[in-house]
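Remarks on the structure that follows.
Protein chains in written order, with the numbering used here: chain X, 66 to 147; chain P, 2 to 537.
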């Protein structure tokens, strides 16, 4: 994503985790067949609806994780080059 | 709707409306800068907004009154298919997390006000920049018109606006007043007005949703009964259902993905983004904006409640306002209507500012008056913001509502076609400017023709946004199919043009511009009045 100094590899384990955090919601949400059903219901709400609402929270947590990791990654890189 | 005017609700509505009007005019004094006659000030609020203001502004901007009316209306009419708005808004945030900070940085460094500014700077092509600007303006106009449709729905249910037989002037007077006021404070306060009003709008919306989602199901006997009644209705009508059928899943997924890709191509989303103070503000916002998605999901459920509550309306757009009127005590119905009404004003103001900035920067300054001063730019932008709103008003008053909805649908397809130039350009300079232009044209033409050919039981053309995907055979979102065609053309033509050594255009940006943050060397915390692109 950024133009890293040559000494460090562009693809690092932390960056792979960041990518997974950001990609996971796409896999989960676009695979409609995995959640197009009514059971189990939650307080009367069919699975289809509460599952997607739950993913709002999950994807928020994932994006927050990606944000934290990215900041740490950037700080480490800046600290290492200056 | 029920004949009489709901006096209590109307009074509450008017009180809120007056309050935000005062706020709108006072906003001009909020964080006032020394040099107020520049487009950065009027059109981007001085690029000074922090995390919370940006959060309210973006939330107020993206989740419009029309969304609040249309999403539950779609559920009311068709069930599960309308719920795609939730995965759509889930996908938006991881997506913008990757590219929006880059756009912020490069725009801040070079003084870009619009996406077209960036495209021109990156690819050195006024033609491509014009294509992006025109697409943006065309896509935004019907969107503004739909905000008016949202206000109209509320006024109708409150009993003002009269019946079919009232004189047109009396009927449209409330709408005219609302829009006159909106136009006046946008003109005088610029982006600061919607930023301030967004606080009121979102607070009201959150309160209304929280109350509705608890109070209404209790009154209706719990969610079991709500969904039971909805299921019966869909079965009886032989349309829709509680889960999308096998055949509808492609449509559901492509609509969610296509809409997510398109959302931050809209000029008003970018205007709100660029008004923020730093790159971190944007990233932080991608982690707190999903709160609105949660609200949208809850709101969508109101569509089922409208069915269970026995709301019978011929126009599904009226379902939710009618549900509020039937279920809530009058005074709280007034609060709910105010939430929707103000919810229309905020995005309408931002959209008109965004469209005006596009016109000023990428048509007026690039093609008509290249030596325009910042003060002149601001003046033109202010005037155009008025024109855009008048245009939207005429649109809604003279044409059938379905025309605005059709164009909004087309607008979504169109705006998605600017994605390769903008997001592609943020990451790589590999694409050739002419290839991008050709790809854009292919996407625009395919999308328009395909949408024209979709019939529905009520309409011969523009009956929906999904159609069979050529080569796959499933029904999918036209915008996404057009987008794929667009990308394929762009890539193939880029190879071709590079082989032919077609002139590549000058790139005025450099790699480190894309990661610059406020406080970094070369990036002032407060943007200097004249940077590249706005130089005197």
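Note that CB positions come from ideal geometry on N, CA and C, so glycine has one too.
Values in this document were obtained by computation on a predicted structure and should not be read as measured data.
| message | So with CB distances below 7 Å, who are the chain X contacts of residue 284 (chain P)? | response | Residue 284 (chain P) sits at position 283 when you count from the first residue of the second chain. Ordered by position in chain X, the residues that pass the 7 Å Cβ test against residue 284 (chain P) are 132.
| Would you say residue 94 (chain P) faces chain X, with C-beta separation under 8 Å as the test? | Indexing the second chain from 1 puts residue 94 (chain P) at position 93. For residue 94 (chain P), the answer is yes, since a Cβ of chain X falls inside 8 Å of its Cβ.
| field | Listed by chain order, chain X residues near residue 87 (chain P) by CB distance under 9 Å | value | Here residue 87 (chain P) refers to the residue found at position 86 when the second chain is read from its first residue. Chain X residues near residue 87 (chain P): 94, 114, 117, 118, 120 and 121.
| Test: residue 141 (chain X) CB closer than 8 Å to a CB of chain P | The residue labelled residue 141 (chain X) in the question sits at position 76 within the first chain. No, residue 141 (chain X) lies away from the interface with chain P (no Cβ there is under 8 Å from its Cβ).
| message | Any beta carbon from chain X within less than 8 Å of residue 357 (chain P)'s own beta carbon? | response | Against the second chain, residue 357 (chain P) aligns to sequence position 356. Output row for residue 357 (chain P): interface = no.
| request: Use the C-beta contact count for residue 133 (chain X): other C-beta atoms within 10 angstroms, 16 or more gives buried, fewer gives exposed. | output: Sequence index remark: in the first chain, residue 133 (chain X) carries index 68 (1-based). With fewer than 16 neighbouring CB atoms inside 10 Å of its own CB, residue 133 (chain X) falls in the exposed class.
| From which residue to which residue does the alpha helix (DSSP H) around residue 202 (chain P) run? | Working through the second chain from its first residue, we reach residue 202 (chain P) at position 201. Per DSSP, residue 202 (chain P) belongs to the alpha helix (DSSP H) from 193 to 221.
| Start-to-end residues for the alpha helix (DSSP H) that takes in residue 253 (chain P) | The residue labelled residue 253 (chain P) in the question sits at position 252 within the second chain. That run of the alpha helix (DSSP H) goes 250 to 264.
| Going along the chain, which unbroken runs of the alpha helix (DSSP H) with 4 or more residues stay wholly within the segment 422 to 473 of chain P? | 434 to 453
| Which residues does DSSP pair with residue 277 (chain P) in a beta bridge? | Position 276 of the second chain, counted from the first residue, corresponds to residue 277 (chain P). Residue 277 (chain P) pairs with P:50.
| message | Rounding to the nearest angstrom, what Cα-Cα distance links residue 496 (chain P) and residue 368 (chain P) in this structure? | response | Translated into the one-based positions of the second chain, residue 496 (chain P) becomes position 495. Translated into the one-based positions of the second chain, residue 368 (chain P) becomes position 367. Their Cα atoms are separated by approximately 30 Å.
| field | Beta-ladder partner(s) of residue 80 (chain P), from DSSP | value | Start at 1 with the first residue of the second chain, and residue 80 (chain P) comes out as number 79. Paired residue(s): P:242.
| message | Less than 8 Å between CB atoms is the rule here; does residue 98 (chain X) satisfy it with respect to chain P? | response | Start at 1 with the first residue of the first chain, and residue 98 (chain X) comes out as number 33. Output row for residue 98 (chain X): interface = yes.
| 8 Å Cβ cutoff, residue 85 (chain X) in contact with chain P | By one-based count along the first chain, residue 85 (chain X) stands at place 20. Taking Cβ atoms only, chain P never reaches closer than 8 Å to residue 85 (chain X), which makes this a no.
| query | For residue 413 (chain P) versus residue 480 (chain P), is the C-beta spacing smaller than 8 Å? | reply | Translated into the one-based positions of the second chain, residue 413 (chain P) becomes position 412. Translated into the one-based positions of the second chain, residue 480 (chain P) becomes position 479. Contact: yes.
| Going by beta carbon distance, what residues of the same chain come within less than 7 Å of residue 106 (chain P), once the five residues before and after it are set aside? | As a working note, residue 106 (chain P) is residue 105 in the second chain. Taken in chain order, the residues that qualify are 280, 514, 515, 516, 517 and 518.
| task | Identify, in the order they occur along the chain, each residue of the same chain with its Cβ nearer than 6 Å to the Cβ of residue 93 (chain P), setting aside the five sequence neighbours on each side. | result | Reading the second chain from its first residue, position 92 is the one you call residue 93 (chain P). Excluding positions up to five away in sequence, the list reads 261 and 264.
| message | Contact between the segment 4 to 22 of chain P and the segment 328 to 336 of chain P is defined here as three or more beta-carbon pairs at a separation below 8 Å; is this criterion met? | response | Flag = yes, the segment 4 to 22 of chain P and the segment 328 to 336 of chain P touch.
| message | Quick check on residue 59 (chain X): does DSSP put it in helix, strand or coil? | response | Look at the range of chain X in this structure, 66 to 147, and you will see that residue 59 (chain X) is not part of it.
| message | Taking 8 Å as the threshold (beta carbon to beta carbon), is residue 294 (chain P) in contact with chain X? | response | Counting from 1 along the second chain, the entry for residue 294 (chain P) is found at position 293. Judged by the 8 Å Cβ criterion, residue 294 (chain P) is in contact with chain X.
| request: Name the residue from P:401, P:149 and P:494 whose alpha carbon lies nearest to the alpha carbon of residue 176 (chain P). | output: Counting from one through the second chain, the residue named residue 176 (chain P) turns up at place 175. For residue 176 (chain P), the nearest C-alpha among the options comes from P:149.
| task | Confirm, please, whether the CB-CB distance from residue 231 (chain P) to residue 325 (chain P) is below 8 Å. | result | For the purposes of this step, residue 325 (chain P) is taken as the residue at position 324 of the second chain. For the purposes of this step, residue 231 (chain P) is taken as the residue at position 230 of the second chain. Cβ atoms of residue 325 (chain P) and residue 231 (chain P): not closer than 8 Å.
| query | chain P beta carbons: is any one of them nearer than 8 Å to that of residue 69 (chain X)? | reply | To locate residue 69 (chain X), count along the first chain from 1; it is residue 4. Low local confidence applies: a pLDDT of 48 at residue 69 (chain X) is under 50, so the model's placement there is unreliable, and no value is given.
| message | For chain P, check one thing: does any of its Cβ atoms lie closer than 8 Å to the Cβ of residue 128 (chain X)? | response | Position 63 of the first chain, counted from the start, is the residue given in the question as residue 128 (chain X). Yes, residue 128 (chain X) lies at the interface with chain P (some Cβ there is under 8 Å from its Cβ).
| query | For residue 294 (chain P), which residues of its own chain have a beta-carbon under 7 Å away from its beta-carbon, when the five flanking residues on both sides are left out? | reply | In the second chain, counting from the first residue as 1, residue 294 (chain P) sits at position 293. Cβ within range, chain order: 87, 90 and 91.
| message | Tell me the rounded alpha-carbon separation between residue 276 (chain P) and residue 484 (chain P). | response | Counting from one through the second chain, the residue named residue 276 (chain P) turns up at place 275. Counting from one through the second chain, the residue named residue 484 (chain P) turns up at place 483. Distance between residue 276 (chain P) and residue 484 (chain P), taken at the CA atoms: about 28 Å.
| query | What first and last residue would you give for the alpha helix (DSSP H) that runs through residue 479 (chain P)? | reply | Locating residue 479 (chain P) in the second chain gives position 478, counting from the first residue. First-last of the alpha helix (DSSP H) with residue 479 (chain P): 479 to 500.
| message | By alpha-carbon positions, which one of P:43, P:438 and P:452 ends up nearest to residue 493 (chain P)? | response | Within the second chain, the letter at position 492 stands for residue 493 (chain P). Residue 493 (chain P) has its Cα closest to that of P:438, out of P:43, P:438 and P:452.
| Quick one, are the C-beta atoms of residue 1 (chain P) and residue 415 (chain P) less than 8 Å apart? | The structure shown has nothing for residue 1 (chain P), since chain P only spans 2 to 537.
| field | Cβ neighbour criterion (16 or more within 10 Å) applied to residue 378 (chain P) | value | In the second chain, counting from the first residue as 1, residue 378 (chain P) sits at position 377. Around the C-beta of residue 378 (chain P), 16 or more other C-beta atoms lie within 10 Å, and the residue is accordingly described as buried.
| task | Could you tell me whether any Cβ in chain X is nearer than 8 Å to the Cβ of residue 176 (chain P)? | result | Within the second chain, the letter at position 175 stands for residue 176 (chain P). So, not an interface residue.
| field | Start-to-end residues for the alpha helix (DSSP H) that takes in residue 358 (chain P) | value | As a first step, residue 358 (chain P) is located in the second chain; it is residue number 357 there, counting from the start. Segment 331 to 360, the alpha helix (DSSP H) holding residue 358 (chain P).
| task | Report yes if the CB atom of residue 392 (chain P) is closer than 8 Å to the CB atom of residue 418 (chain P), and no otherwise. | result | Looking up residue 392 (chain P) in the second chain gives position 391. Looking up residue 418 (chain P) in the second chain gives position 417. Cβ atoms of residue 392 (chain P) and residue 418 (chain P): not closer than 8 Å.
| Alpha-carbon to alpha-carbon, residue 115 (chain P) and residue 68 (chain P) | Start at 1 with the first residue of the second chain, and residue 68 (chain P) comes out as number 67. Start at 1 with the first residue of the second chain, and residue 115 (chain P) comes out as number 114. Distance between the alpha carbons of residue 68 (chain P) and residue 115 (chain P) is about 24 Å.
| request: Give every residue of the same chain whose Cβ lies closer than 7 Å to the Cβ of residue 283 (chain P), excluding the five residues on either side of it in the sequence, and list them in chain order. | output: Your numbering for residue 283 (chain P) matches position 282 in the second chain. Taken in chain order, the residues that qualify are 101, 102, 105, 274 and 277.
| said: Let's test the definition: count the other Cβ atoms within 10 Å of the Cβ of residue 390 (chain P) and tell me whether it reaches 16, buried, or not, exposed. | reply: Residue 390 (chain P) sits at position 389 when you count from the first residue of the second chain. It counts as buried.
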